[in-house]
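Let me begin by presenting the structure, written as structure tokens, before commenting on it.
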Amino acid sequence: MKMESEHNIDSLGLLVADHISAMLAYWDKDLICRFANAAYIDWFGKTREEMVDKITIKELLGPLYEKNIPYIFGALKGENQTFEREIPLPSGCLRYSIANYFPDIVDGDVRGFFVHVADITPIKILENELIKSNETISEQNKRLMNFANIVTHNLKNFAHGFSGMLELLVETDSTETQTEIIEYLKTISNNFTETIKNLNEIVHVQNMSNIEPIVINLYDYVVKAISTLSMQINDSNAIIKNNVDAKTIILGNPAYIESILANFLTNAIKYKHPDRAPIIELNCVAENDDVELTISDNGKGINLEKHGKDLFGMYKTFHGNKDAQGIGLYITKYQIEAMGGQVQVESEVNKGSKFIIHLKQK
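Under the numbering used here, think of the first position of the sequence shown as 431, with each following residue one higher.
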């Protein structure tokens with residue numbers, strides 16, 4: 431009667447265990463399975479006959495065994511163990527679990543350990559989605575800030591050109607000069623309109639993960655940048671040498687290319703050497719799918735030993751100019767890298783700087 435009662439209790443215990451969603455098992459000190467509920471068996475794609483009193487934990491876990499060794503032997507030392515694990519299923523799917531190993535201690539002797547494993551796959555999926563969502567929001571905020579900075583920088587360049595030309599227009603009585611200034615203003619106005627168009631395109635793709643690049647004639651954009659900055663170039667007596675081949679093609683974003691060229695050219699003029707007129711040279715070499723654009727000047731130069739690591743940092747300035755905001759190079763580097771490119775700098779104090787920009791052709 432007693433044996434029948436114990437058998438009924440065992441059967442009831444197994445019935446209850448099989449209806450629990452968590453995975454339950456018991457491994458003896460020889461690491462042989464002595465009990466496993468339905469969830470545990472199903473997880474590993476086994477049958478109860480294959481598991482109980484037959485399989486070792488090493489055979490069951492396979493490659494995961496090495497990772498679980500510290501927890502297994504920790505439990506056999508009488509210490510509770512808790513850890514998370516990614517477990518590949520026989521079907522090829524990946525599941526996430528949190529496992530607990532509880533030592534079975536009788537009179538100070540560890541006879542084995544109980545296993546409780548909870549499937550936390552839904553929680554992990556939600557966690558990963560939240561992480562991705564946060565990353566997306568962070569990236570969108572970064573793009574929004576970058577967009578605002580592009581607008582500020584680009585519009586400041588146009589405003590400077592407009593105001594300078596309008597002052598000249600008011601001051602001169604020469605019809606010929608007035609006509610020439612009006613033509614300059616038309617050019618700046620056309621470039622301004624094109625820039626607004628490109629910036630509007632960026633606004634429309636702010637919710638996209640990447641801004642789609644288009645085919646751009648680099649030479650045309652260099653000419654356009656020089657034209658837009660003609661007032662600053664004339665005021666500083668700068669000499670611009672555009673050696674970019676007229677057929678040079680790159681893949682990029684028009685607004686980014688405009689902003690990059692404007693920033694480098696403006697900086698070369700702004701940080702000109704006080705004892706000489708600026709000479710700014712643009713050269714280009716195309717090799718395989720890469721275009722290397724170099725923009726060099728004979729300006730003040732930068733102490734790279736002192737400022738090199740901060741050169742492309744936000745709000746970093748190096749020459750003490752009152753109007754320096756310290757975001758131009760930061761924006762420029764971000765834009766270049768956003769198009770899959772890279773930028774490096776070579777510079778020597780009182781001799782000048784050379785920026786090497788790598789852009790994609792495909």
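The beta-carbon is built from N, C-alpha and C at its ideal position, and this holds for glycine as well.
With 16 other Cβ atoms within 10 Å as the buried cut-off, status of residue i
| i | result |
| --- | --- |
| residue 565 | exposed |
| residue 727 | buried |
| residue 568 | exposed |
| residue 619 | exposed |
| residue 456 | buried |
| residue 772 | exposed |
| residue 793 | Absent from the model: residue 793. The displayed extent of the chain is 431 to 792, so no value can be given. |
| residue 571 | exposed |
| residue 736 | exposed |
| residue 646 | buried |
| residue 536 | exposed |
| residue 593 | exposed |
| residue 561 | exposed |
| residue 556 | exposed |
| residue 589 | exposed |
| residue 484 | exposed |
| residue 497 | exposed |
| residue 507 | exposed |
| residue 636 | Legend: pLDDT at residue 636 = 46, less than 50; position of this residue unreliable, no value from coordinates given. |
| residue 621 | buried |
| residue 623 | exposed |
Same chain only: Cβ atoms within 6 Å of residue i, ignoring 5 sequence neighbours per side
| i | result |
| --- | --- |
| residue 692 | 587 and 655 |
| residue 774 | 786 |
| residue 707 | 667 |
| residue 703 | 729 and 730 |
| residue 528 | 514, 548 and 550 |
| residue 504 | 511 |
| residue 709 | 669 and 728 |
| residue 700 | none |
| residue 598 | 611 |
Residues near residue i by beta carbon distance below 8 Å, same chain, minus five either side
| i | result |
| --- | --- |
| residue 490 | 463, 474, 476 and 481 |
| residue 494 | 515 and 517 |
| residue 674 | 648, 649, 652, 712, 713, 714 and 723 |
| residue 758 | 583, 693, 696 and 697 |
| residue 450 | 467 and 469 |
| residue 820 | Since the displayed the chain opens at 431 and closes at 792, residue 820 lies outside it and no answer follows. |
Backbone secondary structure at residue i - three-state DSSP
| i | result |
| --- | --- |
| residue 530 | strand |
| residue 713 | strand |
| residue 474 | coil |
| residue 431 | Residue placement at residue 431 is flagged as unreliable, the pLDDT there being 41, under the threshold of 50; the coordinate-derived value follows with that caveat. Looking at residue 431 - three-state DSSP - the assignment turns out to be coil, as it is neither helix nor strand. |
| residue 591 | helix |
| residue 765 | helix |
| residue 602 | coil |
| residue 775 | strand |
| residue 700 | helix |
| residue 643 | coil |
| residue 791 | coil |
| residue 607 | helix |
| residue 688 | helix |
| residue 751 | Any reading at residue 751 needs caution, since the residue's pLDDT is 47, under 50, leaving its predicted position unreliable; the model's value is listed next. In the structure shown, residue 751 sits in coil (DSSP, three-state: anything other than H, G, I, E or B). |
| residue 674 | coil |
| residue 454 | strand |
| residue 726 | strand |
| residue 681 | strand |
| residue 509 | coil |
| residue 781 | coil |
| residue 741 | coil |
| residue 669 | strand |
| residue 466 | strand |
| residue 612 | helix |
| residue 482 | coil |
| residue 500 | helix |
| residue 786 | strand |
| residue 524 | strand |
| residue 487 | helix |
| residue 618 | helix |
| residue 638 | Reliability fails at residue 638, whose pLDDT of 43 lies under 50, so the model's placement of it is uncertain and the value that follows must be treated cautiously. Of the three classes helix, strand and coil, the one that applies to residue 638 here is coil, per DSSP. |
| residue 720 | strand |
| residue 732 | coil |
Beta-carbon contacts of residue i that lie in its chain and below 7 Å, excluding the five residues immediately before and after
| i | result |
| --- | --- |
| residue 541 | 458, 459 and 534 |
| residue 643 | 681, 682, 683 and 769 |
| residue 719 | 790, 791 and 792 |
| residue 610 | none |
| residue 465 | 455, 456 and 482 |
| residue 525 | 517, 519, 549 and 551 |
Test: residue i CB closer than 9 Å to a CB of chain B
| i | result |
| --- | --- |
| residue 571 | Of the protein chains in this structure there is only one, and it is not chain B. |
| Okay, do the segment 585-601 and the segment 532-552 touch, 3+ Cβ pairs below 8 Å being the bar? | Segments in contact, no.
| query | Which full runs of the beta strand (DSSP E) of 3+ residues lie inside the segment 530-562, going along the chain? | reply | Listed in chain order, they are 539-549.
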